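Take a look at the structure below.
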Amino acid sequence: MSLQDYQVEMERCSQCSYCWWIPLDQIKSLRFARGCPSVTFNHFNSYSARGKYAVALSLLKGKSQYTPQVLDIVYKCQTCGSCDIACKVCRYNLEPLETILELRAKLVEDGQLLPAHLPIIESLSQEYNMVQGPHAERGKWAEGLSVKNISEGQEAEVVFFAGCKYSYDESLQKNIRSAITLIQKAGVDIGVMAQNETCCGGRAYQMGYRKEFKSCADKIIKTLEKSKTKKIVTSCADCYHSFKRLYPKIGLDIEVLHTVEYIESLSMEGKISYKNPIDMTVTYHDPCHLGRLGEPYIPWSGAEKKVRNQIVVYEPKKPRNNGALGIYDPPRRMLQSIPGLNLVEMERNREYAWCCGAGGGVREAYPEFSQWTASERVEEAKSTGAEAIVSACPWCERNLIDAVSGMGEKLKVYDIIELISLAT
Amino acid sequence: MTLKREVYRAFEDIVGPEYISEDPAVLDSYIYPLNGPAIHLGPYYNVYTPRGEAVLLPGTTEEVQKIVLICNKYRVKLKASSTFWSVQGFPSNDNTIQLDMRRMNRILEIDDKNQFAIIEPGVIGAVLQAEAMKKGLNTHIIGAGSSCSSLAGATSYSGVGPDCLFMGSSNENLLGLEWVMPTGDIVRAGSLGSGIGWFCGEGPGPGIRGIIRGAYGARGAMGVFTKCALKLYPWPGPSALPIEGTIPAYRAALPRNFKGYTLAFPDWKAWADACYGIWDAEIGYIAHRQFNFLGRDLKAAMVRILTDPTKTLYDLETLLKDPEVQALTEEMKRDFQIVMAGMTMRDIEWQDKALDEILAKTGGWKVEAMNEPQISNWSLLYLIRLGHKNLNLVYSGGYDGCFGFLGPPDVGTTYVEDGAEFTKSWESKGAMVDAGGDNMMGGIGGIGGGGNCMWENFTHFDPHDQQSTEGTYDYFEACSYQFAAERGLPPGMERKQAVSTGADGKQTPKEERQRALLASPQPEVYRYQNKIKEILDPNNLGDGYYLTLDEN
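From first to last, the protein sequence lines are chains A and B.
Just so you know, our numbering puts 94 at position 94 of the first sequence, and the rest follows in order with no gaps.
Just so you know, our numbering puts 362 at position 362 of the second sequence, and the rest follows in order with no gaps.
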């Protein structure tokens, strides 16, 4: 696909501005009615999906050119998919998020790059990670764990993928170490890629760097194929999305699970049980790439056709990807299984959850916007009366921790595995 | 044309550099296609409203006032909009700046004792409703849906919707008002003008509703409305809508004092008699022929799709062959939806009984398949929140309304089959969705019953497809100059905005406007409006949506 292929969508946009909001049925207050961080922070319509359709159309038609503000519009967006969900409450033949990602890819292809992204992409090509850490230290997080290394020829039933953020953010590494320990205690034969793990490429994809994504994916697929592993588990929502939704398009055929799904399945088999009470009221933050963007991949190849003269449908039937089938219940069920723990919901949850602000290259290029987005989530968590906000993604956790700290708040931030470990 | 640097700097000094832009791409996200939703002119393929000179995002009334004063000083036109839903919210002239009002988005107060809310332009219906419900109140939501600015409907456009029966139309709900006139003066209207609060639109204090909006609204052509108070109504339901279900088939199971039905009738006379019966009995909270906008032949199948998250438009053709759906399509031919809200359980029991009597008298019935709990709860939520009105565009992204038989139920029902046959013959040509000819939807009367039903015949087309757009244009021409003309009717809503905006997206040439207004039943109204405009907008900052006729 190219941006040109999406012109039809740009011309069929409803101009309704549903993309500014969470689904209108779900609005419970003025304070937390907004869905799209980009247009809420930047105000101009151009920053909404509706506006980006219009900007893209203007560029395609040669009515405007690349300018610093155009770059700002295109890149100052977490690609969180809130617009996509809100649009698809009513529209069955638009893909706003795909169009936004295609617009980014076009900018990258045309050399319209953000200086703040360049060191990250350089780190990806030199050190195989998105956080500018030395590749030599990639596997350090697993030191001391008795775990197989599948990239060194050892075979394992399940491979655990740490991802860039966990591999280099030392203060978060306790979560994945706990995950490994929990899984091993359940009797599972688990391996890691250790130092030979490389970035999944998902964040590069979000930023518009398609070639870099492909190169990352090719490397990992090769390693996985060599290892003969049939199941990959990750605690990172971004990596999960890459493996689940992006890799199958280029040939990965393997079961992909997020840690919350896997540990829940182990606990349902009676291999993990929650015994220790945690007396705390918590709220759960749905990571975008695990929730609304974490739906199963259903291969589709087909074309548009019209029925009843002018109704646009797709032959064969095309999956909708509107957030309905995201991973929402396993983490909630796990939290509710912990004795003493009280789970309360934020106003915006599940498919219409507000983004943490870290994605799409925004944390790196627009720290103020990224932190504002996270601080909005912190405010929302506080409004529930919760003592802690729990998530299932290191990017969310890091951004929320930084926001809480910047705001001088006392709200605790946990990865769900940390609480599960305490409870088992 | 580009703003002179001194003018741009003057604007920039008011709002700050982060809230003004003249970047061409930004400006192109503030233009509107003339095949967009409900433009009521054209539709014209690949035509857009003129690009503004700059977009400004004011944050306060004082900033708006300063902007307007600069516009007067440098003779720059202006157009303000809040949620940018249709063509009238966009410039129709060059040399126009656009005010995007979304930063002014506060609910300043909800006075539950006196039942009104004070809001700014960026507040949408869904938000106001959610906040009002916390205080046992509800707000009228316009037919375009709850994504639209509540202030815009109240101050600047017609503002009708499904709940008019209980909550009136927007113009009836407009109370105190703050208005930055085209001269830059600030007027505080109604009781607000006497400094005694927002509770009344007409006084004590200046009563200007007739001047600033009349029945139809000045559509952004007469200054900028910065705050207003809106009347609220009792909401005998929970403080938050209890939403359940999987996207997009959200639904709300409301307490037993709420009833939602789809009613159907053996003939159009019975349909109209039921409306009169409902008004006489003074029952109902919302009443509307809503789902028929999807088309008489398609609505039953579409309701199946919309209430089942696994289905897509791809399933439509299969569903249309399903005998159950076919039977339902036939059963729902002459239908409307009603929501009743009992202020007490006795009240709802009485309303239900009264409705049953009306149905017995008219031979009407409750459509059982639509009253099955999952569908009924979906329909209840749909009608109360009006959060799915983008379904107007569900088929391929384009729709517009035609005919518009505004009047008592007898008017619409007189023309409905005739209009359906006429439309069907055009649908068969292929440019528009073949939906069954009768795609007419509209409200069942105004506040307290009686008054108007509004019948808008939805025409669905593909705005990306030139032949579809142009074929729809031909149909609308035939609606005005064949169907209407042959029956002695004026052109319908398909041409409502045509007197203001022309085929090039710009303001209709003056001679053409004058000719059209001279031919209207009461041209002196527009001469009077001309005098008003000369006084209130001496530098002609507004556009042709405020209709005026020269003296000669």
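Think of the CB as a built atom: it goes at the ideal place given N, C-alpha and C, for glycine as much as any other residue.
In this text the structure is predicted, and so the values were computed from the model without any measurement.
(1) Pull the bridge partners of residue 502/B from the DSSP assignment, please.
(2) Quick one: what's residue 33/B bridged to in DSSP?
(3) With a CB to CB cut of under 7 Å and the five nearest residues on each side skipped, what residues in its chain are close to residue 344/A?
(4) With distance defined between alpha-carbon atoms, name the residue in 496/B, 197/B, 535/B nearest to residue 158/B.
(5) Taking 8 Å as the threshold (C-beta atoms), are residue 44/A and residue 55/B in contact?
(6) By alpha-carbon positions, which one of 213/A, 194/A, 242/A ends up nearest to residue 141/A?
(7) Pick helix, strand or coil for residue 311/B, following the three-state DSSP scheme.
(8) Residue 127/B CB to nearest chain E CB: under 8 Å?
(9) What are the boundary residues of the alpha helix (DSSP H) that residue 332/A is part of?
(10) Is there a Cβ from chain A that is less than 8 Å from the Cβ of residue 476/B?
(11) Check whether the Cβ atoms of residue 545/B and residue 215/B lie closer than 8 Å to each other.
(12) Is residue 317/B close to chain A, meaning its C-beta is less than 8 Å from at least one C-beta of that chain?
(13) Starting from residue 342/A, follow the alpha helix (DSSP H) in both directions and report where the run begins and ends.
(14) Would you mind reading off the limits of the beta strand (DSSP E) that contains residue 442/B?
(15) Can you tell me the Cβ-Cβ gap for residue 49/B and residue 92/B, rounded? I've got them flagged as a contact below 8 Å.
(16) Residues in the stretch 288-318 of chain A with C-beta within 8 Å of chain B's C-beta atoms, listed in sequence order?
(17) By DSSP, does residue 367/B sit in helix, in strand, or in coil?
(18) Please list, in chain order, all residues of the same chain as residue 77/B whose beta carbon is under 6 Å from its beta carbon, the five residues on each side excluded.
(19) Curious, which full-length alpha helix (DSSP H) runs of at least 4 residues does the stretch 191-246 of chain B contain?
(20) Going by the CB atoms, is the gap between residue 180/A and residue 156/A shorter than 8 Å?
(21) Grab the span of the beta strand (DSSP E) containing residue 190/A for me, first residue to last.
(22) Let me check one thing: in DSSP terms, what residues is residue 458/B bridge-paired to?
(23) Residues of chain B with a CB under 9 Å from the CB of residue 106/A: which are they?
(24) Shorter than 8 Å from the beta carbon of residue 390/B to some beta carbon of chain A?
(25) For residue 377/A, name the three-state secondary structure that DSSP assigns.
(26) How about residue 310/A and residue 468/B: do their beta carbons lie closer than 8 Å?
(27) Beta carbons nearer than 9 Å to chain A: which residues of the stretch 5-20 of chain B have them?
(28) Below 9 Å between beta carbons is the criterion; list the residues of the stretch 258-289 of chain B that meet it against any residue of chain A, in chain order.
(29) Tell me, please, whether the stretch 194-214 of chain B touches the stretch 132-149 of chain B by the rule of three or more beta-carbon pairs shorter than 8 Å.
(30) Which residues share a DSSP beta bridge with residue 215/A?
(31) Count the other CB atoms within 10 Å of the CB of residue 553/B; is the residue buried (16 or more) or exposed (fewer)?
(32) Can you give the Cα-Cα distance for residue 326/A and residue 294/A, rounded to whole angstroms?
(33) Comparing the C-beta of residue 111/B with each C-beta of chain A, is any distance below 8 Å?
(34) Mind reading off the beta-carbon distance from residue 55/A to residue 70/A? Whole number of angstroms is fine, and I expect it under 8 Å.
(35) Under 7 Å Cβ to Cβ from residue 343/B, same chain only, skipping five residues before and after it: list those, please.
(36) Which residues in the same chain have their Cβ closer than 8 Å to the Cβ of residue 217/A, if we skip the five residues on either side of it in sequence?
Based on what the coordinates show:
(1) According to DSSP, which records beta bridges pairwise, residue 502/B is partnered with nothing at all.
(2) Bridge partners of residue 33/B: 48/B.
(3) 281, 283, 384, 385, 386
(4) 496/B
(5) yes
(6) 194/A
(7) DSSP places residue 311/B in coil when its eight states are reduced to three.
(8) In the structure shown, chain E does not exist; the protein chains are A and B.
(9) 329-337
(10) no
(11) no
(12) yes
(13) Run containing residue 342/A: none in the alpha helix (DSSP H); it sits in the beta strand (DSSP E), 341-344.
(14) 440-443
(15) 6 Å
(16) 306, 307, 308, 309, 310, 311, 312, 313, 314, 315, 316, 317, 318
(17) coil
(18) Excluding positions up to five away in sequence, the list reads 93, 95, 96, 541.
(19) 209-212
(20) No, the pair does not count as a contact, with Cβ atoms beyond the cut-off.
(21) 190-192
(22) 401/B
(23) The contacting residues do not exist; residue 106/A stays about 13 Å from chain B at best.
(24) yes
(25) Residue state, collapsed to three classes: helix.
(26) yes
(27) 18, 19
(28) Result list empty, no residue passes.
(29) no
(30) According to DSSP, residue pairing for residue 215/A in a beta bridge does not occur.
(31) Not covered by the structure: residue 553/B. The range shown for chain B is 1 to 552.
(32) 5 Å
(33) no
(34) 7 Å
(35) Contacts found: 234, 236.
(36) 200, 201, 242, 246, 247, 250, 252
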